[in-house]
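Every letter in the sequence shown is one number past the one before it in my numbering, and letter 107, counting from 1, is 1253. All C-beta atoms, glycine included, are put in the ideal place defined by N, C-alpha and C. Before any comments, here is the structure.
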Amino acid sequence: MAETKGQNTFPISRTRPLYRLSQIFIRSIFKVLCGLKVAGRENVPESGPFILASNHQSWFDPPIIGSTCPREVFYAAKRELFDNFILGPLVRYYNSIPVRRSGYDRTALTRLGEVLEGGNGVIIFPEGTRFLDGRLHSPKSGVGMLALKYNIPVVPVYISGSSKLRLQIFSRRLRVRFGRSFTMADIGLSSSKGKDGYRAGSAEVMRRIAAVGGVDPPAGLENQDGRK
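Structure (structure tokens):
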């Protein structure tokens, strides 16, 4: 894939100095301007592959999570960003994987799988796009598929206060919570269940995100996996 040419998939055992400096810089800006508070960073695995699965309210969510996660991570980013003159080089440096938001993007899922097999962490927004209404919405099946196929822990993440950052600077309400990790095996799912398992796994991820945030899960999840 031309968009990710030159990217490595080996384990990032030590965060790159410039990446680390940018984490500190971005985190400091959010602390000063938005009162950023972070909880549960200890729930991110110290080594090995993992998925950070978060709700998605704002363009700011990727840098917010990336700057607060204790490990360097890869991102799933919409393909259009890679063609942007300014943002293209940035998303490449910060380990972004181009994803087509409409339909099934087999190439992107394969690339994300390679990253996970390399022992790295990835940030995924299961809802697939931003929602500005403050509620959680039904997930795509990709996060469940990756978690099942590669048998790796998922860390549910909930962000609050990011949807109106441009309008409420100095609001002091920006919060990020990292929940306890879990695997699909913990909830009795295996890859042998196929697409039904992928949907059920993604539904459980959204339940965990809701629990971390103390909010209601998306309506209709019982229709995705038969649970209530």
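Next item on the list: Keeping to the same chain, check which residues put their C-beta closer than 6 Å to that of ALA1199; ignore five residues upstream and five downstream.
Entry: ILE1270, PRO1272, VAL1289, VAL1300, PRO1302 and VAL1351
Next item on the list: Verify whether the separation of the beta carbon atoms of ILE1210 and PHE1176 is less than 8 Å.
Entry: yes
Checklist line | Beta-carbon spacing of LEU1320, ASN1201 below 8 Å | finding: no
Check: Can you tell me where the beta strand (DSSP E) with ALA1185 in it begins and where it stops?
Finding: 1183–1185
Notebook entry, point to check: Are there three or more Cβ pairs, one per stretch, closer than 8 Å when the region 1175–1191 is compared with the region 1323–1338?
Noted result: yes
Item checked: Whole-Å CB distance - GLY1347 paired with LEU1294, under 8 Å assumed -> 5 Å
Checklist line | Under 8 Å between C-beta atoms of ARG1227 and LEU1255 | finding: For clarity, residue 1227 is Leu in the given sequence; the question names Arg instead. Going by C-beta atoms, LEU1227 is not nearer than 8 Å to LEU1255.
Next item on the list: Sort ILE1333, PHE1206 and GLY1360 by Cα distance to ALA1349 and report the nearest one.
Entry: ILE1333
Next item on the list: Can you have a look at ASN1241 and say buried or exposed, based on whether 16 or more other CB atoms are within 10 angstroms of its CB?
Entry: buried
Next item on the list: State the CB to CB distance for the pair SER1308 and ASP1229, rounded to an integer number of angstroms; the pair is presumed to be in contact (CB under 8 Å).
Entry: With 8 Å as the limit, SER1308 and ASP1229 do not qualify as a contact, their Cβ atoms being about 25 Å apart.
Item checked: Bridge-paired residues (DSSP) for ARG1321 -> LYS1183 and SER1306
Next item on the list: Report the three-state DSSP secondary structure of ALA1356 (helix, strand or coil).
Entry: helix
Note to self: Judging by CA-CA distance, which residue of PHE1220, PHE1196, ARG1162 and THR1214 is the nearest neighbour of PHE1305?
What the structure shows: Here residue 1305 is Ile; the residue named in the question, Phe, does not match the sequence. Checked all of PHE1220, PHE1196, ARG1162 and THR1214; the closest Cα to ILE1305 is THR1214.
Next item on the list: Starting from VAL1245, follow its DSSP beta bridges and name the residues at the other end.
Entry: LYS1224
Item checked: Any alpha helix (DSSP H) of 4 or more consecutive residues that is wholly inside the region 1168–1216 -> 1207–1214
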